[in-house]
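Position one of the sequence shown corresponds to residue 13 (the working numbering), numbered consecutively onward.
Just so it is clear, CB atoms sit at the ideal spot from N, CA and C, and this is done for glycine as well.
Treat the numbers as computed from the prediction; the structure is a model and nothing was measured.
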Amino acid sequence: MKIGIDAGGTLIKIVQIENNERTFKKYKSTEIEKVAEWLKAYPDAQVALTGGKATYLQSLIPQQAFQSIEFDATFKGIQTFLLEQGKSIDKFVFSNVGTGTSIHFVNGDTQIRAGGTGAGGGMMQGLSYLLTGIEDYDKLTSLAKQGDRDIIDLKVKHIYKGDKTPIPGELTAANFGNVLHNKDIHQFSDADKIAAVLGVVGETVTTVSIHAAREFGAEYVVYIGSSFLNNDLLRDIVMNYTVLRNFKPHFIPNGEYSGALGTLGLMDEA
Ligand code: ADP
Ligand code: MG
């Protein structure tokens, strides 16, 4: 059996391969000791690690694991997923929206880090908690769908009030910029606030990503990371904003496991 593990800041992503069949699972990073206990049941497994907590996990387990650099592992996993999907793009930007967001440019078989932003899944949870007191991830993402961002965010069309706009009117001019205009006529619900948080996170991630795509002359932006899990609103915001800015978004199913799958791939090649 082969086990690939990407131990990240918030979640530990695991890909298990047995008889050519893949199983995906995840744990919270706070449960790393539990993952180590689970690994002890498979002393003969070939284990490959990556991610910020890889070295700590290695110190807890009996297997002598292969380790790879997270960015290389993630790229390797993305290549594998794209190949399996029959999606043949070889010049693109990928944006890994995890606890934070890391952005990379790919040209053929090489990737370079193009930048990043602190806006990501951690901000989504932390800022939402400050505004609403809600911690549970699934509660956050399901509430978000019922929210109304229009009373919180100021769009270009709100400023131009029907006049011809120099850029698309649907673009956000100021995240949270409509709050003071509406404070006396609207009550802001938890759902509205969370939707607006997903808005600022999604649009920041998209903006930074497409700037990288423009800089390097790429047409596609590939988005991965657990922040999109069970989170249709974030996915829609990122997809629509990427299209509105004239780039092509692509989401990889199970993309959050790219690092875990990729470190296994690199182990096989080593
Ligand atoms: P990292 O590699 O930094 O751990 P991930 O790609 O796993 O990052 O994404 C972490 C983000 O995924 C969290 O910040 C949160 O927004 C989101 N997330 C998705 N599912 C969960 C969950 N069950 N528990 C906590 N966060 C989750
Ligand atoms: Mg990660």
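- Sequence-distant partners of A203 (beyond 5 residues in either direction) whose C-beta falls short of 7 Å from its own C-beta, in its chain, are L155, A156, Q158, G159.
- Taking 3 residues as the minimum length, the stretch 126–172 contains no beta strand (DSSP E) run wholly inside it.
- For Y68, the uninterrupted alpha helix (DSSP H) segment begins and ends at 66–70.
- Here the distance from the Cβ of D18 to the nearest heavy atom of the ligand MG is below 7 Å.
- Under the three-state reduction of DSSP, Q91 is assigned to helix.
- About 11 Å separates the Cβ atoms of A77 and K14, ruling out a contact at the 8 Å cut-off.
- Inclusion of Q137 in the 7 Å shell around the ligand ADP follows from its C-beta lying nearer than that to a non-hydrogen atom of the ligand.
- With a cut-off of 7 Å, the C-beta of G133 is classified as near the ligand ADP, since at least one heavy atom of the ligand falls inside that distance.
- Membership of D244 in the alpha helix (DSSP H) is indicated by the continuous run 244–256.
- In this structure, the ligand MG has a non-hydrogen atom nearer than 7 Å to the beta-carbon of G63.
- Rounded to whole angstroms, the Cβ separation of L143 and V213 is 13 Å, and the two are not in contact under 8 Å.
- Distance from the CA atom of V59 to the CA atom of L276, rounded to whole angstroms, is 8 Å.
- Separation of the CB atoms of S238 and L246 is rounded to 11 Å, and the pair is thereby denied contact status at 8 Å.
- Checking the DSSP bridge columns, you'll see V105 partnered with F117, V233.
- Taking a 10 Å sphere around the C-beta of V255, we find fewer than 16 other C-beta atoms and assign the residue as exposed.
- At a threshold of 7 Å, K25 counts as near the ligand ADP, since its beta carbon sits closer than that to one of the ligand's heavy atoms.
- Nearest Cα to V250 within the set G120, S107, T22: S107.
- Looking at the DSSP output, P261 bridges to V233.
- Beyond the five residues adjoining it in sequence on each side, P261 comes within less than 6 Å, by CB distance, of V233, M251, T254 in the same chain, given in chain order.
- For the options D150, G128, G89, the alpha carbon positioned closest to that of P265 is the one of G89.
- In this structure S71 is exposed. Its beta-carbon is surrounded by fewer than 16 other beta-carbon atoms within 10 angstroms.
- Taken through DSSP and simplified to helix, strand or coil, F36 comes out as strand.
- The continuous alpha helix (DSSP H) containing K205 extends over residues 202–228.
- E268 is a Cβ neighbour of K25, given a cutoff of 8 Å.
- Per the coordinates, the alpha-carbon of L69 lies some 15 Å from the alpha-carbon of G271.
- Following the DSSP letters along the chain, one finds G277 inside the alpha helix (DSSP H) bounded by residues 270–281.
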